[in-house]
Structures are given as C-alpha cells and as structure tokens.
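This report concerns only the one structure given below.
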Amino acid sequence: MYSSVVRIQNAFGFFTTVAFAVAAFIAATDLLALRTPSVGVLKTTNVQVVRGRPHYYSSKKEEYAIIKFSLDADLSSLFTWNTKSLFVYVTAEWPSAGASSSADGAPNNQAVIWDSIITAPSADHLANIGPVAMKKLKRSAQGKSIDPSRGKLTLKNQRPKYQITHPTGHVAEQDDVVLRLHYNVQPWVGILTWNQEADFWKWKTLHNGLSKKFSLPSLKKKTAEKKAGGASG
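One point on numbering: in my numbering, the residue at position 39 of the sequence shown is 94, and numbering is uninterrupted.
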C-alpha cells in the first residue's frame, strides 16, 4: 500500500502544491506595487508618404508612410522585483474608411511603427546584447534591485522601425491619425499585463499616452513641390 512509488507520488504532489502556492503569492505581490506610468511628450516631428517598396521583399510598389516622432516617457514604476522584461511599442492609428472616429463603431486601422524590449537587471543575461553593453548594465544595476533608469525613455526625432502600409496600397491623405504608446509587462511569475484601461487600486492608467491628431500628407502635393523646385532652379 505504501510502496516507494506511492511515497514518491505523494512527495511530488506535495511539492507541486507548495510550489503553486508560492508562485501565486509572488504573483499577488505585484498588486502591492504602485504603477504610475506617464508620458511627458508624444508627438510627430516629420511625416512623409512616398510610393515605392516599403520592404525588400515587397513584390509591388505601394504608398507607405514614414513617421518620425519624439517620446519622453517614464515607465520605471512598471519594474518590480517580479518584472522580467518590459515590451514597449508605439502604434499609429486612424479610423476605417467611412468612419470619422472610432466612436462610430468601425474598427481602427493600427500599425506598429516602433518597439523595444527593456529587461530588468535580473534578466539582462537573457537579452541579445554585446559584452560591452552587458558590462554597463551590470555596473548600473550594481547594489540595486531595480536600476532607476530602466523604463525612462527619451527619444528625439526617432526614425520608425516599420513603415505604415495598407492592404489597399493607399495611405495618403488620411485624417485623424494619432500615435499611441503601449506596454506589456512580462513577470517572472504570474500573468502578462498590458495597458490599464482603468485604474485598478495601485495600478494606474497610462497618463498622456496619446498624441494629438495629425494627417498623412498627399503624394500629389509632394510631387508638385518637387516640380516647382526643379522649375525654379
């Protein structure tokens, strides 16, 4: 009745129960941490719409937008002792055709133009970085549970990593375009957490994470300006 196999099974079952309880407790401690992410500046600095091949693997020419932007954000409060990494990305969004705004019920177009992964000091060894950068990270985090500079973003006239395209091949003359900052917190133990849509106890919504509305320029206007410049020369 109490064979070695049964005893091993009982011991393993007890171990998994204890491990699950400890993991649940660790995940619950995130609720005690104050999260107050905020954005000081999120704005476009240059917007262009050109026609060509947005990617080297594109088979045909199409319109695509290049949006440069500036960002000043403080996401350092998202780092706790249970944080493994923080995924940050900026999207450009605009209403679907025939809808003046997202309130009309039509889904918005959304395209990622920039992203970045910020690791916590305890997870720096998982980042794909060189030895020199690794030494700097270790030096900055020495004696600290969380490096205060983690999550503080200051980007000036940042070039996008990805161009904006559309299945129709046309993106020029789009109105009511906005930039939005998103984040995703990956913990060591627990569930992934995304942008808070509403305040939840000590977890606050991302303040000022939306830019002012702007329009994508017209290709015709840009072509006309080039012709005018050539004629004047």
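Beta carbons are placed, not taken as given, at the ideal position from N, Cα and C, and that holds for glycine.
Which partner residues does I172 have in the DSSP bridge list? Within the sequence shown, numbered from 1, the residue matching residue 172 stands at position 117. Beta-bridge pairing links I172 to F142.
By the 10 Å Cβ neighbour count, where 16 or more other Cβ atoms means buried, how is D254 classified, buried or exposed? Here residue 254 is taken as the residue at index 199 of the sequence shown, counted from 1. Label assigned to D254: exposed.
Rounded to a whole number of angstroms, what is the C-alpha to C-alpha distance between N239 and V143? Mapped onto the sequence shown, residue 239 falls at position 184. Mapped onto the sequence shown, residue 143 falls at position 88. Roughly 7 Å between the two C-alpha positions.
Apart from the five residues just before and just after F75, which ones in its own chain have a Cβ nearer than 8 Å to its Cβ? On the sequence shown, position 20 is the one that residue 75 refers to. Nothing meets the Cβ criterion.
Below 8 Å, is the gap between the Cβ of L274 and the nearest heavy atom of the ligand MN? In the structure on display, the ligand MN does not appear, and there are no ligands present to speak of.
Please list the terminal residues of the continuous alpha helix (DSSP H) segment that includes T72. Here residue 72 is taken as the residue at index 17 of the sequence shown, counted from 1. Per DSSP, T72 belongs to the alpha helix (DSSP H) from 59–83.
Excluding the five sequence neighbours on either side, which residues of its own chain have a C-beta within less than 7 Å of the C-beta of T248, listed in chain order? Numbered from its first residue, the sequence shown carries residue 248 at position 193. If we look at T248 and ignore the five residues flanking it on each side, its Cβ neighbours are V240.
Which listed residue (G264, F134, N101, R108) has its alpha carbon closest to that of H225: Counting from 1 along the sequence shown, the entry for residue 225 is found at position 170. Here the closest residue by C-alpha is R108.
Closest to Q229 by CA distance: which of T174, E118, S131 is it? By 1-based counting over the sequence shown, the position of residue 229 is 174. Nearest C-alpha to Q229: E118.
Determine the DSSP secondary structure at P186, reduced to helix, strand or coil. Walking along the sequence shown from the start, residue 186 turns up at place 131. In this structure, P186 counts as helix in the three-state DSSP scheme.
Under 9 Å between the Cβ atoms of P272 and V102? If you number the sequence shown from 1, residue 272 lands on position 217. If you number the sequence shown from 1, residue 102 lands on position 47. V102 is positioned such that its CB atom lies closer than 9 Å to that of P272.
Mind checking who W258 pairs with in its DSSP beta bridge? Walking along the sequence shown from the start, residue 258 turns up at place 203. For W258, which the question treats as bridged, DSSP gives the partners R90, F255.
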